[in-house]
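See structure below.
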Amino acid sequence: MLMATMPENRSPFIAFHDVDKTYDGSHFVVEGLNLQVARGEFLSLLGPSGSGKTTTLMMLAGFEMPTRGHILLDGQRLDDKPPHQRDIGMVFQNYALFPHLTIEQNVAFPLSVRHLSKTEQQARVRRALDMVELGPLGGRRPAQLSGGQQQRVALARALVFEPRVVLMDEPLGALDKRLRETMQYEIIRLHRELGLTIVYVTHDQGEALTMSDRVAVFSEGCVQQLATPTELYENARNAFVANFVGENNGLHGRVTELTDDWATLALDNGDIVRGRRSDGLRPDCPATLALRPERTRLGVEDVTASNALLAHVQTLIYCGDHYRVELTLVGGASMVAKVPNVQHYELPSVGEAVNVTWRHDDCKVLHLPSAGARP
């Protein structure tokens with residue numbers, strides 16, 4: 351995995367410098383974007399609908415123009431060039447294949463508009479289809495292929511002219527869960543084998559965590575955090591990231607004590623918990639404790655090195671590899687625990703009172719923005 355910041359001795363391959371995008375002059379779809387991508391990196395842009403991730407991708411592709419700022423590719427200005435001069439491959443969610451052309455003709459299309467010879471086109475198309483394991487199907491038309499095969503064709507078409515960058519806009523969104531997972535690993539394989547630079551837009555947090563070297567989490571046109579998948583999940587910078595990336599128990603309260611590394615929080619019901627300290631905390635300020643459900647334990651008696659709360663079991667849900675246990679704390683706040691489905695583990699019963707415990711370093715106390723504030 352690449353580090354969250356660019357290596358000091360390497361210039362960025364792709365760079366957004368102070369990029370804004372607005373359509374009406376007042377509401378910014380993207381605001382103050384400074385983003386760098388290394389050569390050969392797989393960067394995912396993750397966020398909810400309307401967060402600015404797709405607009406960022408479209409500006410890089412050339413289908414949208416920045417209102418302010420500029421974009422560089424390999425040190426050269428990119429934002430003043432039309433899309434066909436950017437040497438960028440694009441994979442869309444809806445495949446965008448020509449239904450009247452064969453698979454080979456679809457893949458060859460980017461080469462034909464670049465006026466390569468027929469011999470060169472045939473050789474490249476053959477290599478591209480072999481890369482996505484569709485070589486024998488080149489004579490078929492898109493309607494004769496499954497959804498996953500059509501997406502492989504779209505991927506081959508994006509790679510066939512050997513672009514410097516490949517952009518993917520939710521390319522797996524139309525596939526079923528099992529096929530989507532298979533295609534994730536296929537894209538990861540091609541990325542590693544070919545050394546591709548990929549910028550990938552998704553709203554699927556699991557997809558971003560599985561596939562990426564780094565993830566940029568967008569909200570309201572701004573990058574809330576740019577980090578490796580592990581850093582995002584384990585060390586969210588703010589409450590928005592903690593709640594959007596993975597499932598999170600957000601327990602609200604006020605800060606009662608701060609040290610260099612730790613923060614103590616008095617929950618709304620009066621319970622006291624402790625966790626790793628984040629930036630922006632002050633004594634008596636509102637805050638939330640971010641805790642992943644799989645980090646909790648139920649019914650543990652030895653709580654000397656852990657947070658401990660009393661809760662009542664509301665619901666038990668069987669999820670195959672784990673049980674989802676929905677709990678209610680004293681005072682009415684709710685939280686979720688995930689209990690591994692292992693032998694010889696006695697599950698609590700609905701309505702039972704249980705201790706919920708977790709380690710201090712398995713949670714983080716985050717500043718809680720006031721109502722109406724941007725995350």
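Everything in the sequence shown is counted per our numbering, starting at 351 for the first residue and increasing by one. All C-beta atoms in this analysis are idealised placements derived from N, C-alpha and C, irrespective of residue type, glycine included.
*Could you pull out every residue in the same chain whose Cβ sits closer than 8 Å to the Cβ of E702, ignoring the five residues on either side in sequence?*
Indexing the sequence shown from 1 puts residue 702 at position 352. Around E702: H662, V663.
*asked:* So, at 8 Å on beta carbons, what are the nonlocal neighbours of E414 in its own chain, with the 5 sequence-adjacent residues on each side left out?
replied: Counting from one through the sequence shown, the residue named residue 414 turns up at place 64. These residues qualify, in order along the chain: K371, T405, M408.
*For the region 559-567 against the region 386-403, are there 3 or more C-beta pairs whose distance is under 8 Å?*
Enough Cβ pairs lie closer than 8 Å, so yes.
*Neighbourhood of P357 by C-beta, 6 Å cutoff - its chain only, sequence neighbours within 5 removed*: By one-based count along the sequence shown, residue 357 stands at place 7. Residue confidence for P357 is low, a pLDDT of 44 falling below 50, so the modelled location carries little weight and cannot support an answer.
*Does the separation of the CB atoms of G625 and H717 fall below 8 Å?*
The sequence position of residue 625 within the sequence shown is 275, counting from 1. The sequence position of residue 717 within the sequence shown is 367, counting from 1. No, they are not a contact pair.
*Have a look at G620 and L679 and give me their C-alpha separation to the nearest angstrom.*
The residue labelled residue 620 in the question sits at position 270 within the sequence shown. The residue labelled residue 679 in the question sits at position 329 within the sequence shown. Between G620 and L679, the alpha-carbon positions lie close to 11 Å from each other.
*asked:* Ignoring anything shorter than 3 residues, give me the beta strand (DSSP E) runs that lie fully in the region 581-647, in order along the chain.
replied: Complete beta strand (DSSP E) runs here, min 3: 599-608, 612-617, 622-627, 636-641.
_What does the alpha-carbon distance come out to for the pair L466 and E454?_
Taking the first residue of the sequence shown as position 1, residue 466 is located at position 116. Taking the first residue of the sequence shown as position 1, residue 454 is located at position 104. Between L466 and E454, the C-alpha separation is close to 15 Å.
*According to DSSP, which residues form a beta bridge with C758?*
There is no way to answer for residue 758, as the model of the chain reaches only from 351 to 725.
_Helix, strand or coil at F363 according to DSSP, with G and I counted as helix_ = Within the sequence shown, numbered from 1, the residue matching residue 363 stands at position 13. Assignment of F363 by DSSP, reduced to helix, strand and coil, places it in the coil class.
*asked:* Give the list of continuous beta strand (DSSP E) stretches no shorter than 3 residues that lie fully inside the region 372-451.
replied: If we require 3 residues or more, the beta strand (DSSP E) runs fully inside the region 372-451 come out as 378-387, 392-396, 418-423, 438-441.
*Excluding the 5 residues preceding and the 5 following T606 in the sequence, name in chain order all residues of the same chain whose CB lies nearer than 8 Å to its CB.*
Residue mapping note: residue 606 aligns to position 256 of the sequence shown, counting from 1. Annotation for T606: T614, L615, A616, I622, P633, D634 place their beta carbon closer than 8 Å to its own, counting only its chain and skipping 5 residues before and after.
*Who are V675's beta bridge partners in DSSP?*
Within the sequence shown, residue 675 is the residue found at index 325, counting from 1. In DSSP, V675 forms a bridge with L666, A687.
*Are T532 and R389 close, meaning C-beta to C-beta below 8 Å?*
For the purposes of this step, residue 532 is identified with residue 182 of the sequence shown, where counting begins at 1. For the purposes of this step, residue 389 is identified with residue 39 of the sequence shown, where counting begins at 1. Not a contact, by the Cβ cut-off of 8 Å.
_Considering only the alpha carbon of each residue, which of D424, G649, P398, G670 lies closest to L660?_
In the sequence shown, the residue the question calls residue 660 occupies position 310. Taking only the C-alpha atoms, the option nearest L660 is G649.
_Where Y550 sits in the DSSP three-state scheme_ = As a first step, residue 550 is located in the sequence shown; it is residue number 200 there, counting from the start. In this structure, Y550 counts as strand in the three-state DSSP scheme.
*Per DSSP, which residues does D370 bridge with? Please list them.*
By one-based count along the sequence shown, residue 370 stands at place 20. For D370, which the question treats as bridged, DSSP gives the partners R418.
*Tell me whether F448 is buried or exposed, calling it buried when 16 or more other Cβ atoms sit within 10 Å of its Cβ.*
Working through the sequence shown from its first residue, we reach residue 448 at position 98. It counts as exposed.
*asked:* Tell me the rounded alpha-carbon separation between V515 and A640.
replied: As a working note, residue 515 is residue 165 in the sequence shown. As a working note, residue 640 is residue 290 in the sequence shown. Whole-angstrom Cα-Cα distance: 36 Å.
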